[in-house]
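To start, the structure itself, in C-alpha cells.
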Amino acid sequence: MSAAQAGIVLDRISKWYGEVMALNEVSAEFGPGVTGLLGPNGAGKSTLIKLICGMLQPNLGQVLVNGKTPFNRPSVMTRVGLCPEQDALYPQTSAWNALTYLTRLQGFSARDARMGARRALERVGLENDLGRSVAGYSKGMRQRFKLAQALAHDPDVIILDEPLNGLDPPGRRTFSELIRALGAEGKCLLVSSHILHEVESVARRIVVLNFGRVLADGTSRELRRELPEFPLTVRLTTSEPAELARHIVAIDGARRVEHVDGGLEVLTHHPAEFFDAVSELATSGTVPIEAVTPMDEDLEAVFRYLTQ
Amino acid sequence: MSIVSIQNLTKAYGSRPPALRDVSLEIEPGVTGLLGPNGAGKSTLLQCVLGLLPDFDGEVRVLGLDARRQRREVRRRVGFMPETDTYLYEMTGIRAVRLLGQLTGMPRNEALRRAHELLHHVGLGEAVYRDVKEYSTGMRQRFKLAQAMVHDPELVFLDEPLAGLDPKARDELLKLIKDLAVEHGKHVIWSSHILPDVQKVADSVVVLHHGRFRGRFHLEDLAPRVGRFHIEAEGDLEHFESALEAGGVTVIGADEGEGPETGGGTLVEARRGWTVDVAGDDAARKLFAIARESGVRVRSLGQVAEDLEDIFLRILRDPESD
Amino acid sequence: MAVYARGYRTYDGDFRGPPVAWTIFREGVAQALRRKGFRWILNITAFILLATAGMIYIQVIVEKQAQRLTGGMVRAQLMELDQIIHGFHATTMFLVSLGAVLVGSGLVADDLRTRALSLFLVRPIRPVDYMLGKALVLPALLIPLALLPGLVLWLLVGLWQPPGETWTFLQEHSDIAWNVTRFYLVGAAQLTGLLLLLSSRTPRRGLVIGLSAAILFGGPVLRAIGRLVLGPIGTLLKSLDLPNNMLWSFTRDRREWQFEGQGGGGRWGGTTGEERWLQWQPDPTVIYIVCFVLLAAGLYFTWRRARSVEVDA
Amino acid sequence: MSHDVIPPADAKQPVEADRPIDVASHAPRRGMRAPLAGFLIVMGQGLREALQPKRLIVSIAIMVGLGAAIAFGARAEADRPFRRDLLFQIWEGIDLWVLQILLPLVALILVGPVYSRELRQRTMVYHLVRPVSRTTVFLARFVSGVLPAAVFGTLLCLSIIAFADAGAPPEVWTALPLLAFFAALVLGAIYCTLGAIFKRGLIAGLLYTFMMEVIVAGLPGNIQTLSVRFHLRSLYHGLVDPAFAERSEGVRSRIDGTMQSASNPLVEAVPFDPPQTAVMMLLGIALAILIIGVTHVRSRDFALKD
C-alpha cells in the first residue's frame, strides 16, 4: 500500500440521521502521527469516527481509509484498530478468550492470535486478570481491555474515542506515552477526547469540530495565530506592578493593562512588538520582571475562542 | 478544626486483604483532593465516613459527629455526587431532586422550592421538567450536583464530577463547585483521576495507595524550583542555545518547537522552548539579556514549578514506607 | 431597596418533614398512578363494577316486581349477592394480578437498575424506612381493585333494600364484608410479598415481570399438579396458586355454610362435583402460611437491599 | 509512618510507570481471512457462548422436564375413561404442544437474541472494525443459534417419546429430530432477522408469532398455508401418520375423518402437503427470510447509540 494512500481522507462528508444533521461537509486528511479530534458533545465526533470505521455510510462525500472506502468493505479493516467510547463487553467469556477470538478475526492463526492477545493484555497492564470475565472488571480495566483490543493486531490506523476515560493517573500517563510512541512510529492515530491538556500532551495537530463542521485544523499555536480577533493575554510577574504598568502603557502594542495579584495582565494585538518591548524593558533593569507567561495560547483557550 | 478526622481506620472485606490499613488523617476545611490509583481504597474510605460500612475498626469523626453512632446526622450534613451514571426511573428532574430532598427530612414544599432553586443554579433550565433518563452526560452531572446540594450540606463528596463533560461544561461546573467552596464556605472532598482539574480547585490533596495514607500536600506549597526556568524564544534560533551556554546557563532539555514556515503569506518565525538552570538572584534579567544579544524574542519565561501529577506519581513510586 | 443574592443560597428551613417511610410510600403510589397501564386497569375495574351494580339493580327491581306479584321470598336475590361479588372478583382477578405485576415489578428493581438506591443510601434513612415505604405501595394500590368494589356492592344492595331495612340487612350480611376484606388482605400480603421478593432480587424489570406473571398465571398448573400429589406437598402446591387463594379465602365461609346443608339446594357448584371440587381447593391455614412466608421474604430481602452498600465511588 | 510534608522533587523527568511498555514487539499480521474461515470463527464463538456449562445444564433440564410433563399429561389424559388411547394422546400432544408452542418458544429464546445480543452488548462494533463481512457475522451467529435450538428441540421431542413409552413407531426417532431442526431453522431465521432489524426484537418476535402462527394459522381455508406452522405440521403428519395409524385406532379414526386441526375443531381442515413439498416450502421460507436479513445487515447504519 503506497505511502500516499496511508491514513484517512474525508472528502466533503455530510451525514444526517433523519432530519438531524450530524456532519455538514467535513473535509480532512489524517496522515502518520497523532491528531487530536475535539468538539463539544454532539459536535459530530462519534459520527465521524463511525464513518471512518465503516459503520455508517455518508449521505454525501466520500471516506477513504488507506485508499479504499470502509463501508461494507471488511478488507480495509485489517489495518484499522478502534477503541470505542461506550463499554462493549462479552460478559460470559474471559478477557483472554474474547480478545483471542477478536484477534483471530484479524486473520491470525489460532496460536498467533492467542499469543498476540496475551501480549496486548499484558501491554495494557491486565496480565493478572487474563482469566477473569470482563463483566467483573472495574471501569479502568474495561478501558484497558478496549485499548488492548484496538492494538492487539498492530494496526496502522488507530482511532481512540476517549481512550483515557476511567484510567487512574499512572494509567493515563502510561497510555499517553504509548500513544505518543505509536505516533512516532509513523502510525496514523486519531484521538478524540474532552480532556484538552491530555490531547495537547499527545497530539500536535488538532481538528476542532462543532455543529458538524470543521472549525479548525492545525497545531494549537497556528490556530491561535489565526484568531487575531482575540487579543493575546500576557501575565507579567513583577514585585512593582505600578511602576511596570507605567512603562507598559507607554508601549503602543499594549491594549489594556490589569492589575492582578503578583503582577499585571496585558492584552495586546501585536505580540511581536509587545514582546520585544518587554524584553527591552526587562534587560534595561528599570523594573524587575520575574516572568512572562502568555495566558491564552494553550489549547483550552483556543478551543474556548473557537467554540464561543 | 478539621472537617473529617480519622484515627487508625482499618477495614477489611471478609478474608480479602484489608482495603484500608491503619489510616489516620485529617481533612481540613476548604477543597480537598482525594487521590489514589484504582483500588487504593478511596471508595471504602468514603463509605466509612458516610457510615455506610459501620463495621470498621478505628475512629471516624465527621463535622464533629461520630460516623458510626450518629450516622444519620452525618448524612444529613453531607452531600454525595456519585461517579456512576445515576438517575431516577420515570421521574423528571424536579420530582427526583424534591424526593431526594425529602429523604433528608425536608418538608415536601420546602424540598420542591429547593429543587427548583438548585436545578436552576446548576444551569439545567427547562430540562428540569423532562425525565432524568433523557439527560445528556453533561446535564446528568449537573443533576447529580444539584441533588447533592439540595439539603444544603456543609460537606460534599464529589466523585469524578467532571467525567464525560465537554470543555465548556467542565469550566462551568468547575466554576459552580469553586463558587460553593469559596463564596459559601462549603467543604468539598473531590475524588478524581484527572489531576489538573484537582490542581485548579483544591487547597490540599490527600493521597491513598494500597489502602495506606501516603501523605497530604498543600497546593500552594508547589514552590517553584529555585533557579529552574523555562524560556520560549522566537526568531533565528540556531545559536541561541550556544549563547545560553556561553552565558553560564546550563540547558536541561528542549521541546521540539515549530520550524519557520511561510504558510499563508505572513512569515512565521521558528519558535522553541528550553528548560534551563540559572544561578544567581537576577536570573530572569540575565536570560532576557542573552536573548536580546542573540536577537531572539522571548515569548514566555518563567520559573518551573512541579505540577500535581508529578508529585502524585512520585508519591506512588516511594517505596512502601513501613 | 437592595440587590439580593443571585447565586447559591443556604437553606435555613427545618428538617422536620414527614417520616421518610411515608415519603417513599407516597412517591411510589404517585409514580404508579402516573403509569398509563395502571390507570387503564383502574378504569376497566371501575367499568366492570358499574356493570355489576347495574345488573344487581335490574335484578332487584325484577325481584321486587315478582315479590309484589307473588309475594315470593326475597331470599334468592340476597343469596346471589356474594356470588355476584365472587363473580366480580373472578373476572377482575386478572386485572388485580396484572396491576400488581406492573407496579410491583419496578418497586426495588428500578432503584437497583438506575442505581438510585446509592442516592437514597447516602440520605439519613434507615433500611426499615425504605422497606416500609416500598411495602405499603402495593396494598394501597390494591384497595381500589380488591377491597372497595366488594364493599361498594355490599353497601349498594343494602341501600336498595326497602327503607329502614338497610341497616339490618348490612348487619345480617356482615360476613360478606368480612369475606371481601379477607380477600383483600390475603391478596395484598401475597402479591406484595411476591413482587417485593422478585423485585429486590434483580435490577432487570422485564425479568421480574416475566417471572411474577409466570407464577401468577401459571398458578392453576401448580394446583393441578398439587391435586395429583397427595400429602403435604400436594396441599402446599395447591396453595401456590395465589389468585385462587384470594378467591377461595373469599368464598370460604360461604362454602362451609353451604356445604353443611343449611343453605339447602344452593345453586353453587351443584352437588355432584362437590367432593371433587373441594379436592381442588387449598387448605385455608396453608394459605395464611404462604401469605406470611411470602410477605416476610419480600420484606426481608427489600430490607437487606437497603442495608447493602451500593455506593461504589 | 505517615509523612506530612512531601520532600522536594528532583528534575521533572518521564515517570517509569510500574508496568513497562515495549512498543517494538508485535505479532506478525496476515491479510483478510477467507469468508468461510471467518464464518467458522464467529460461529465457534457463538456456540461457545450458547454451550456454557451453566446454561447447557439448565437448558437440558428444562427440555427434559417439559418432555416429561407432556408425557405424564398425555398418560393422565389417557387413563380417563372414555378417552382415546395413549398413542393418540402422544400423537396429538406433539402436534398441539410441541409444534405449535414449544418449538417456536425454543427458537425464539435460543435463536432470536443470538444476533441482537451483539447489538445490545454493543460488541458488534468489534466485528465492524474487523476484516469479517457483515453477512458472515449475521449468518455465522444465526447458525450458532440454530444448532443448539435444533438439538434441544430434538431432546424435547425424544424425551416425550421416552417418558411416555407408549410403543411409538420407530419412524418417530428420525422424524422428530428432522422436525426440530426445521422448526429451529425456519422460525429461528424469522426471529433472528426480526432481532437484527428491530430494536426490540423479542417483542417483534412475539408479535409475529401471535399474528402469523396463531391467528393466520388458525384461519379456515388456504390462508393457513401462509403460516410456517402449517408446513411444519404437514411435514410432521406426512412423516409419522402412517406409522401411528397402524398402531393407534384413535389416530386412524382421526385421519379417516376429516383431518381436524388439533387446536380448533370447528375449522374445516386443509389437507396437508406431502412431506417433500413441506420441506421445500420450509427451506424456501428460511432462505427468503435470511436473504432479507442479510440485505438489511449489509446496508444499514450501525450507530449503536444507546
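Protein chains in written order, with my numbering: chain G, 77 to 384; chain D, 4 to 325; chain C, 103 to 415; chain P, 106 to 411. Just so you know, even glycine gets a beta-carbon here, dropped at the ideal spot from N, CA and C.
8 angstroms Cβ cutoff, residue i in contact with chain G
i, result
"F315 of chain D", "yes"
"P40 of chain D", "yes"
"E137 of chain D", "no"
Exposed unless 16 or more other CB atoms sit within 10 angstroms - verdict on residue i
i, result
"N286 of chain G", "buried"
"V185 of chain D", "exposed"
"W256 of chain C", "buried"
"L244 of chain C", "buried"
"G188 of chain D", "exposed"
"S249 of chain P", "buried"
"E298 of chain G", "buried"
"I335 of chain C", "exposed"
"R246 of chain P", "buried"
"N346 of chain C", "buried"
"M103 of chain C", "exposed"
"E86 of chain D", "buried"
"E274 of chain G", "buried"
"F394 of chain C", "exposed"
Short CB-CB distance (under 8 angstroms) between residue i and chain D
i, result
"N286 of chain G", "no"
"T147 of chain C", "no"
"I282 of chain G", "no"
"F117 of chain C", "yes"
"L202 of chain G", "no"
"P388 of chain G", "Residue coverage of chain G in this structure runs from 77 to 384, which leaves residue 388 of chain G outside it and unanswerable."
8 angstroms Cβ cutoff, residue i in contact with chain P
i, result
"P304 of chain G", "no"
"M97 of chain G", "no"
"Q400 of chain G", "Outside the shown range of chain G (77 to 384) lies residue 400 of chain G, about which nothing can therefore be said."
"Q384 of chain G", "no"
CB contact below 8 angstroms: residue i versus chain C
i, result
"Q144 of chain D", "no"
"P110 of chain D", "yes"
"E175 of chain D", "no"
"E1 of chain D", "The requested residue 1 of chain D is not part of the displayed model; chain D covers only 4 to 325."
"Y16 of chain D", "no"
Counting pairs of beta carbons, one from the segment 218-234 of chain G and one from the segment 200-207 of chain G, are three or more of them closer than 8 angstroms?
At 8 angstroms Cβ cutoff, the stretches touch.
Examine the Cβ distances between the segment 236-247 of chain D and the segment 270-288 of chain D and report whether three or more of them are shorter than 8 angstroms.
yes
Taking a cut of 9 angstroms between CB atoms, which residues from the segment 110-137 of chain G lie near chain P?
So the list reads S122, T123, K126, C129, G130, M131, L132 and Q133, given in the order they occur along the chain.
Segment contact flag, the segment 142-157 of chain D with the segment 165-182 of chain D, C-beta cutoff 8 angstroms, min 3 pairs:
yes
Given 8 angstroms, three or more beta-carbon pairs between the segment 150-160 of chain C and the segment 212-223 of chain C:
no
Please list, in chain order, the residues of the segment 236-252 of chain P that have any C-beta partner in chain G closer than 7 angstroms.
P236, V237, S238 and R239
Going along the chain, which residues of the segment 297-311 of chain P sit with their C-beta nearer than 7 angstroms to a C-beta in chain G?
Cβ contacts with chain G come from no residue of the segment 297-311 of chain P.
Using a beta-carbon distance cut-off of less than 9 angstroms, what residues from the segment 220-233 of chain P approach chain G?
So the list reads Q226, R227, T228, M229, V230, Y231, H232 and L233, given in the order they occur along the chain.
Three Cβ pairs or more, each shorter than 8 angstroms: is that satisfied between the segment 189-198 of chain C and the segment 65-81 of chain D?
no
Just by C-beta distance, which residues in the segment 220-246 of chain C are closer than 7 angstroms to chain D?
S220, L221, F222, L223, V224, R225, P226 and I227
Report the residues of the segment 231-252 of chain G with a CB closer than 9 angstroms to any CB of chain D, ordered along the chain.
For the segment 231-252 of chain G, which is checked against every Cβ of chain D, the residues closer than 9 angstroms are E238, L240, N241, G242, L243, D244, P245, P246, G247, R248 and R249.
Residue ranges of each alpha helix (DSSP H) within the segment 252-315 of chain C, 4 or longer:
268-274 and 276-301
Quick check: the segment 274-294 of chain P against the segment 336-345 of chain P, are at least 3 beta-carbon pairs closer than 8 angstroms?
yes
Run through the segment 51-91 of chain D for me and flag every whole beta strand (DSSP E) of 3 or more residues, listed as ranges in chain order.
60-65 and 81-84
What residues in the segment 161-178 of chain G bring their beta carbon closer than 9 angstroms to a beta carbon of chain P?
Q162, D163, A164, L165, Y166, P167, Q168, T169, N173, A174, Y177 and L178
Any contact of the segment 157-175 of chain D with the segment 77-95 of chain D, i.e. 3+ C-beta pairs under 8 angstroms?
yes
Which runs of the alpha helix (DSSP H) fall wholly inside the segment 192-216 of chain C and span at least 4 residues, in chain order?
208-215
Given 8 angstroms as the limit, is there contact between the segment 228-244 of chain P and the segment 156-167 of chain G, that is, 3 or more CB pairs closer than that?
When Cβ pairs closer than 8 angstroms are counted between the two stretches, the segment 228-244 of chain P is seen to touch the segment 156-167 of chain G, the count reaching three or more.
Is the segment 300-319 of chain C in contact with the segment 202-213 of chain C, if contact means three or more CB pairs nearer than 8 angstroms?
yes
Could you pull out every unbroken beta strand (DSSP E) segment of at least 3 residues lying fully inside the segment 175-262 of chain D, listed in chain order?
190-194, 207-212, 215-221, 231-237 and 253-257
For the 8 angstroms Cβ check, are there 3 or more pairs between the segment 251-264 of chain P and the segment 196-215 of chain P?
yes
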